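The sequence shown stops at residue 686 when you use the numbering used here, and every number in between is there.
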Amino acid sequence: LPPGPKPLPIIGNLHELGERPHRSLAEFSKIYGPLMSLKFGQITTIVISSSTIAREMFQKHDLSLSSRKVPAAIRENGHDKFSVAWLPVCPKWRTLRKISAIHLFSNQRLDASQALRKAKVGELLEFVRERSRTGEAVDVGEAAFTTSLNLLTNTFFSFDLASYSSKDAGEFRDLVWRLMEEIGKPNLADCFPVLGFASKLTVNRRLLGYGNKLNDLFAKIVEERLQADPAQDNGVAGGDVLDTLIRLMRENEAELGLDDIMHLLMVSILFPSLLALFSTSTMIPYFSLPGNILGSHKQNADQPKLADFCYKYLTAQESENQNQLVKRIQPIEPLDRTGCNKSRRYQDLHAYSPSPIRKVLSNLTLTMRPLIYNPNMDIYSPNWLIFMHQDFFTAGTDTTSSTLEWAMAELLRSPEKMEKARDELEQVIGKDNVLLDESDIPKLPYLQAIVKETLRMHPPTVFLLPRKADVQVELYGYLVPKDAQIFVNLWAISRDPNVWEKPDLFSPERFLGREFDMKGQDFGFLPFGAGRRICPGLTLAYRMLNLMLGTLIHAFKWKPGDGLSPEDLDMNDKFGITIQKAKPLRAIPIP
Numbered sequence: 096l097p098p099g100p101k102p103l104p105i106i107g108n109l110h111e112l113g114e115r116p117h118r119s120l121a122e123f124s125k126i127y128g129p130l131m132s133l134k135f136g137q138i139t140t141i142v143i144s145s146s147t148i149a150r151e152m153f154q155k156h157d158l159s160l161s162s163r164k165v166p167a168a169i170r171e172n173g174h175d176k177f178s179v180a181w182l183p184v185c186p187k188w189r190t191l192r193k194i195s196a197i198h199l200f201s202n203q204r205l206d207a208s209q210a211l212r213k214a215k216v217g218e219l220l221e222f223v224r225e226r227s228r229t230g231e232a233v234d235v236g237e238a239a240f241t242t243s244l245n246l247l248t249n250t251f252f253s254f255d256l257a258s259y260s261s262k263d264a265g266e267f268r269d270l271v272w273r274l275m276e277e278i279g280k281p282n283l284a285d286c287f288p289v290l291g292f293a294s295k296l297t298v299n300r301r302l303l304g305y306g307n308k309l310n311d312l313f314a315k316i317v318e319e320r321l322q323a324d325p326a327q328d329n330g331v332a333g334g335d336v337l338d339t340l341i342r343l344m345r346e347n348e349a350e351l352g353l354d355d356i357m358h359l360l361m362v363s364i365l366f367p368s369l370l371a372l373f374s375t376s377t378m379i380p381y382f383s384l385p386g387n388i389l390g391s392h393k394q395n396a397d398q399p400k401l402a403d404f405c406y407k408y409l410t411a412q413e414s415e416n417q418n419q420l421v422k423r424i425q426p427i428e429p430l431d432r433t434g435c436n437k438s439r440r441y442q443d444l445h446a447y448s449p450s451p452i453r454k455v456l457s458n459l460t461l462t463m464r465p466l467i468y469n470p471n472m473d474i475y476s477p478n479w480l481i482f483m484h485q486d487f488f489t490a491g492t493d494t495t496s497s498t499l500e501w502a503m504a505e506l507l508r509s510p511e512k513m514e515k516a517r518d519e520l521e522q523v524i525g526k527d528n529v530l531l532d533e534s535d536i537p538k539l540p541y542l543q544a545i546v547k548e549t550l551r552m553h554p555p556t557v558f559l560l561p562r563k564a565d566v567q568v569e570l571y572g573y574l575v576p577k578d579a580q581i582f583v584n585l586w587a588i589s590r591d592p593n594v595w596e597k598p599d600l601f602s603p604e605r606f607l608g609r610e611f612d613m614k615g616q617d618f619g620f621l622p623f624g625a626g627r628r629i630c631p632g633l634t635l636a637y638r639m640l641n642l643m644l645g646t647l648i649h650a651f652k653w654k655p656g657d658g659l660s661p662e663d664l665d666m667n668d669k670f671g672i673t674i675q676k677a678k679p680l681r682a683i684p685i686p
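Written out as structure tokens, the structure is:
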């Protein structure tokens, strides 16, 4: 095994990692080297902290190290059977990746939706302009999240999920973050496989509740779209992403069903930035409280009501009429446990029901009966569409907004760099033309350098989603045993002084004059991962970041809010699924 700190009995090295394990592991690598072995409970964990070893791993052993260790919580709701993030490399996984590459994130698809992204950034511009008139500070992360969310929901569903004047975006963000927080809480069976028999007792019921809410949100959207006349579906040319996925399903392509679509959508929208989704490392802060290691099962007593949000707004009569159909659609969750017949008066503390969704979904008739009962469609899992949406939406929103917030914070601390970017924008698009076109981005090398430097210093996720060794392999002269868990510490790699000069200094200039590949071929710079499991939505995420950041820089001058000077800005990070600013950035736009 590679060297590493000596583990304690039972808990291994969990106690040594602290609240920011990416930094703790980077410090350990200075002592034990860039390839280390640790114990997370009973799990042997190999940590990679250098670009040299990352190159060897992805170029020589990518297939052998491409599987996942699936947490008990993921197995409980069946997400691992349909999710491109959790499936092993197999024919189904390859089909889902192909759908993502060709039908969702191809350059042709993204070029066709440029006008939509420009319109949504225009709405962000109007919101910020109104704040500039009143002199109010803007919560940069919140505004960016609303924009990212609406960009994605319009691309996939053709409607806004949130508005700047309501709390809907905040509710959705809170739902995602609570889901991620619950995922991060320890489950005994994940660190101690010998206790796998008890996984059903230890799985966090809040986690299942939040996961069901997100699942049901997408289920309602998908089911309403399935009501539409198939003859009106104009396919790729005029439809949105959901139209395309439904068309593929109806054509029986790849023998996929609604489950696969829902999981794929979840990954593709959330995956551009949540590469570390469900990382075992997110458990670490909770192990400092001994009660939590055994306390997750106690949350069963909380009994959050898991009434199915998908049927929440149906009348009792509608619920009764569709009872049999719903049971066919969701056989693993019988209707008598969903609270459906209490729909109008049901109070669910964990419900998420923003007004735009209520408006869109209030008149559901669930006319998908012919599809579900078609004997030729038995090869499909009925919730394919639903789970694809889950996979897409858990990544793209929060990581894009988080990266934009970090970029603005770094630029506020370096006003000369913001001015340099503004000068470049004025030269390329003019002083009066405030809205950026995506076709302008290749002409803006300094803006792109700012985005890349932000991704280097503040990678959306500090650890790639952990992999598992299917067989024993030799890596960097050491043996990686079968079934070991592999962590790639992106934070350590992107601050390696052997690769980056003055790695803790924000310097976009380092990206000028040299082409850095973001598609997993430059192993010192892997913000979106590498190999077979590279983020499928990286091109969309990169376009969105440049478009939003360029527009905000070009249209306004900025100063820190709350009476702070640039030097007083808090640049500490907060460890989680994504690396957030510990204190949200508030900045005042100046016309």
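Note that beta-carbon positions come from the ideal geometry of N, C-alpha and C, so glycine has one too. Computed from a predicted structure; not experimentally measured.
Reference T185, options K164, L158, A210, closest by Cα: Looking at the sequence provided, one finds Cys at residue 185 rather than Thr. Out of K164, L158, A210, L158 has the C-alpha closest to the C-alpha of C185.
CB contact flag (G615, L621, <8 Å): For the pair G615 and L621, the CB atoms are nearer than the 8 Å cut-off.
Proximity winner among H198, G173, L246, relative to G217 (alpha-carbon distances): L246
For Y259, the three-state DSSP class (helix, strand or coil): coil
Cutoff 7 Å; reference G230; Cβ partners in own chain excluding five residues on either side: I683
Counted within 10 angstroms of its Cβ, other Cβ atoms place I600 as buried (16 or more) or exposed: Ile is not the amino acid found at residue 600; the sequence shown has Leu there. Result: exposed.
Rounded straight-line distance, which links the Cα of H649 to that of P104: 57 Å
Through-space distance from A502 to S509, alpha-carbon basis: 11 Å
CB contact flag (K563, K164, <8 Å): Taking 8 Å as the Cβ cut-off, K563 and K164 qualify as a contacting pair.
Exposure label - D663; buried when at least 16 CB within 10 Å: exposed
Q675 classed as buried or exposed, judged by whether at least 16 other C-beta atoms fall within 10 angstroms: When all chains shown are included, Q675 counts as buried.
L211 beta carbon less than 8 Å from that of A238: no
Those residues which DSSP pairs with R681 across a bridge: Under DSSP, R681 shares a beta bridge with D234.
C-beta atoms of R641 and H117 nearer than 8 Å: Per the sequence presented here, residue 641 reads as Asn, with Arg not at that position. No, the pair does not count as a contact, with Cβ atoms beyond the cut-off.
G632 classed as buried or exposed, judged by whether at least 16 other C-beta atoms fall within 10 angstroms: G632 comes out buried.
Where R605 falls: helix, strand or coil (DSSP): In the three-state reduction of the DSSP assignment, R605 falls in the helix class, which pools H, G and I.
C630 to V223 span [Cα, whole Å]: 31 Å
Element boundaries [beta strand (DSSP E), containing I141]: 138–143
Alpha-carbon to alpha-carbon, L96 and Y573: Their Cα atoms are separated by approximately 6 Å.
Three-pair Cβ contact test at 8 Å for the stretch 171–183 versus the stretch 202–210: no
V566 versus P166 - alpha carbon distance: 20 Å
Close beta carbons around D255, own chain, < 8 Å, minus the five adjacent residues each side: Excluding sequence positions up to five before and after D255, its CB lies within less than 8 Å of the CB of N245, T248, N249, P451, all in the same chain and listed in chain order.
Touch test, the stretch 591–605 against the stretch 547–562, Cβ-Cβ under 8 Å, three pairs minimum: yes
Range covered by the beta strand (DSSP E) that runs through F153: Where F153 is concerned, there is no enclosing beta strand (DSSP E), although the alpha helix (DSSP H) it sits in stretches over 146–155.
Entirely enclosed alpha helix (DSSP H) segments - the stretch 597–650, minimum 4 residues: 633–650
P679 and D234 closer than 8 Å at C-beta: yes
Per-residue burial, K308 [other beta carbons within 10 Å of its own, 16 or more giving buried]: K308 counts as buried, since at least 16 other C-beta atoms from the protein chains shown sit within 10 angstroms of its C-beta.
Proximity winner among D354, A579, L120, E505, relative to A314 (alpha-carbon distances): D354
Start and end residues, beta strand (DSSP E) containing L211: For L211, no beta strand (DSSP E) segment is defined; the enclosing uninterrupted segment is the alpha helix (DSSP H) at 209–229.
Per-residue burial, F215 [other beta carbons within 10 Å of its own, 16 or more giving buried]: Strictly speaking, residue 215 in this sequence is Lys, with Phe absent from that position. By the 10 Å Cβ count, K215 comes out buried.
Neighbourhood of A196 by C-beta distance below 7 Å, restricted to the same chain and skipping five residues each side: If you ignore the 5 residues before and after A196, its C-beta comes within less than 7 Å of the C-beta of P631, all in its own chain and listed in chain order.
P253 versus D338 - alpha carbon distance: The identity of residue 253 in the sequence shown is Ser, whereas the question assumes Pro. Taking the straight line from one Cα to the other gives about 10 Å.
Supposed close pair S496, S243 - CB separation, criterion 8 Å: 5 Å
Coarse secondary structure for Y541, derived from DSSP in three states: helix
Extent of the continuous alpha helix (DSSP H) to which W181 belongs: Where W181 is concerned, there is no enclosing alpha helix (DSSP H), given that its DSSP letter is neither H nor E.
Between the CA atoms of L270 and T140 - distance to the nearest angstrom: 30 Å
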